[in-house]
Structures are given as structure tokens and as C-alpha cells.
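Working notes for the structure below.
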Amino acid sequence: MNNSTHIDILGAGLAGSLLGLLLAQQDYRVKVYEKRSDPRMQMVGEGRSINLALSHRGWAALNQAGIADVVQEIAIPMRGRMIHSEKGGTLLQPYSIKDENIYSVSRSALNNILISQAEKKGAKFYFEHSCEEIQLEENSFVVKHASDTNTLRSDLLIGADGAFSALRSHLQRTARFNYSQYYIEHAYKELTIPPTAAGDFAMEPNALHIWPRGGFMLIALPNLDKSFTCTLFYPYEGAQSFANLQTPEHLQSFFKEYFPDALALMPKLAEEFFTNPTSDLITVSCFPWTYNGKQVLLGDAAHAIVPFYGQGMNAAFEDCRILTDMLVEQEEKIADIIYRFQQNRKPDADAIAELALQNFVEMRDLVTDKAFVERKKVEKELYRRFPDNWEPLYNMVTFSHRPYSEALQQGILQDSIMKEVMKKYENAEQLNNKDYESIIALLKQRQP
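Residue numbers for the sequence shown follow this note's numbering, so the first one is 1 and each next one is one higher.
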């Protein structure tokens, strides 16, 4: 394939913009269509502002795009979870014994960088252009801008247009297309901890702050302006739910009981709470990701997940990197590449969706559980002693390129072993050298 290949991308969000950059670098003729206005023209604070956790898989794609150094300027390292107790105490749980970090980045700032960098490489962006219709057999699509409509044809049409993808909605009308969506009972609302009067961070900036409260939680990620973006994950309905937080008095009482140290740092809590939207959390699964090899879904359009592993963006960026590599390196027809891409990537998409749901339980319920904390100490010691044999699941997912599906299966095996081990011990200090060696021997015995 060469630069005569026309590739059209629906969606100029994070995945679509990065993919446009990666493909334009390889001299493909890339056009990106976005129904919303150019985000670079928005005022600061408009649009979706939720922070994102950028980790190894995302950095790999940004390195390949040649812009990791640019993104580094807007990224704040977070070296662990800072757990906040109901009494106001804190405890840092490092992510890795190797001093590996995840990074807090602004969605809007990152999106703006990706669009601008893609344009520099020759990708064309068309904002306020909505996709109205797609003819899958012909691989043509109709875009509307103001009162004008145009029918366009593509060599490869890519749906990077999010959880409510226009391309996927057309694929859903085809025979034998499998689709499911699942909303968890929780929603989320964004809030803010501003800088101190002296202009400093009000809390430790190099950590992801979590207030786990069993069934719900508050988290906070640092921003470059020394503020924190907080997100409350709370059920929609029930005795403890958004439905019961209807007045400033109820809200104040709720935060005073469960998040007192955060409340002291949130002077505009009521104003933000009753102004900012309450948003849903959805998991999307579908297959196939193409109809005839002339189009393909990726990112949230193919596999939207809940945010609790911090892998939604990273998984989408990995999609972009893998697909670009396949298009560039393989001497195959586009259709053959697309079929192979979806077959290879679908198991990993399913795995990270499952892992993300599991990690919600860990973040909100388990991180303060004594037995869980002791178990994590044992796993970290296993990793320190036997790094070639034992790697914690979080590390496999967050700090490696290991396929998500492999990480999930290895995590299941290690979990079964650790459940057996921790029945014998109350704390990590009770294990000796022979104990650790016997755990590794058991792992090798059960390894497929």
C-alpha cells in the first residue's frame, strides 16, 4: 500500500486523532471527520475534561508517533494510590517496586496536541461534519456540514467515533452481528479541589488519590494548574445514591461523613455538584468489527470499558499502534489485514473490559482491607525475588505490552495460588525464603 490509499476516520477524539497522525506519517491520504466543533477553539474548561491515566501502552503509541516528549510536558507522574481513610489519614500504595509511574493528563489538552500534530503531518480534519449514512457494500458514506451533504468513498473507513459510533450502528444492521452494552449501577460526577491560597497543590501531587468507601468512592488526579480533578463514583439509585443527594444540606452532610478531608478543600462543592452533569458508565462489546474488510471499528467504538483500570485510552492507543503496524508492514490486501486485526485484538478487548470491572471492586472495597493489603505485600515480594516468574496483574496490565488476554489468564492462575497461600498466613512477615520458593514451584507446576 502507498500514499494513493484513501483512509477516512470517523471521530477526532483521542483515538481518531492519534490514528490520523500515525497513518499520515506513513504517507497515507487521511481525512478525519468530526461532528463536534474544533476542540482547540473552545474556552478552557469546556467539553469533556475528565483526567486520564496514561501508562505504558499509551506511551508506546505516542513514542511511535514521535510526540511523547510533547505530551510529557502536560503529564504529571503518579507513583501510587494515596488511600484516604474516613478519619482523614493517608497511606501511599506504590504501583510498582521498579518506580514505574502512571501519568495524569488532561483529555482536552492531549486531544488538542494530537489534532495539531496530525495536521502537521498532512492529515485533514473536517469539524462539524456528521456522518449521516454509510453504504457498507460500496464503502461510501454521507457527511453533512451545515446544510450541505456529500457522498464520499473510502479505501478504508475507520470508526473511531466512540461508544455510540455511527459506523457501529450501521454494522449492527447486518446479519450475525453480535452486540451488547452494559451500564453499571454507578454514575460519576466531576468536582474540583482548587490550588491553595498560596498557589500550591492542596495534596500530594504525585499520586492518584482514592477515598474508598465500600460500594462507592471518590478519586482525584492532579492538574498542571495545581488543582485536582475529582470524580465521585456513586450509585444512581438506592439508600446511598445520587438520587438522595438533592439539597446542599444533604450533600454537605454526606461529604462530612465520608470525605471530611476532601470537603475541607472543596469550597465550591455544592455549586459544582448541582451544575455538573451526572454521567453514565458503559461497557460495549461487539463483533465483528468489520462488514467486508473495507471498514473497521477500534477504541471505544469497538470496546468501550469502564475507567477503573485506567486503560480505556491506553487500549485505544494500542489499537491504533497495532493497526498502523499491520497496514505498514504486511504485504496483504487491506481486507485481509482488517480481518486479522479484529481476530487478534478481540480477545484482548474482552479481557480488559472484564479487568476494568473487577478493578472497580478492588479500588472501592479492597484497598483498605487488611488481608488484601498483606496479600499485595507478598505478591510484590514475589516479584522482587522472582521477576521472571511472578509479575503482579496490575503490572502486567499497566507497565507492559503483554496482551490483555494473557495478563487476565495469568492473573487468574496467580489469584488461585494466592488464595491458597494466604489461608496459611495473617501477614507477609510470616513468610520465609522457602515459602516464597514453594509458591514459585507451585506456579511452575500449574503453568499451562
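Backbone N, C-alpha and C define an ideal beta-carbon position, used for all residues, glycine too. If you're wondering where the values come from, they're calculated on a predicted model, not measured in any experiment.
Ranked by Cα distance from I417, the first of N432, K444, E429 and Y404 is K444. Between Q240 and F216, the C-beta spacing is below 8 Å.
M266 and N433 have their C-alpha atoms roughly 48 Å apart. Taken through DSSP and simplified to helix, strand or coil, Y258 comes out as helix. In the displayed model, T324 falls within a helix according to three-state DSSP. The residues P403, Y404 and S405, in chain order, have a CB closer than 6 Å to that of D348 in the same chain once the five nearest residues on each side in sequence are set aside. A straight line joining the alpha-carbon of A60 with that of Q26 spans about 17 Å. When rounded, the separation of the alpha-carbon atoms in L442 and Q64 is 39 Å. Contact between A75 and Y103 holds, since their C-beta atoms are separated by about 4 Å, short of 8 Å. Selection I97, I305 and T278 evaluated against C286 yields I305 as nearest (Cα-Cα). At a Cβ-Cβ threshold of 8 Å, G20 and E34 do not count as neighbours. Rounded to whole angstroms, F273 and Q172 show a C-alpha spacing of 37 Å.
Bounds of any alpha helix (DSSP H) do not take in W211; it lies within the beta strand (DSSP E) bounded by L208 to P212. The count of Cβ pairs closer than 8 Å, one atom from the region 391-400 and one from the region 96-111, reaches three, so the stretches are in contact. Between E204 and the set L191, R213 and L221, the nearest pair of CA atoms involves L221.
Around L14, the same chain offers N111 and M313 as residues with beta carbons nearer than 6 Å, after the five sequence neighbours per side are excluded. The beta carbon of E257 sits closer than 6 Å to none of the beta carbons in its chain outside the five residues before and after it.
Around the beta carbon of R176, fewer than 16 other beta carbons lie within 10 angstroms, which makes this residue exposed. Excluding the 5 residues flanking it on each side, Q117 has same chain C-beta neighbours closer than 6 Å at L21 and I67, in chain order.
A Cβ-Cβ distance of about 7 Å is found for the pair I7 and S154, placing them in contact under the 8 Å criterion.
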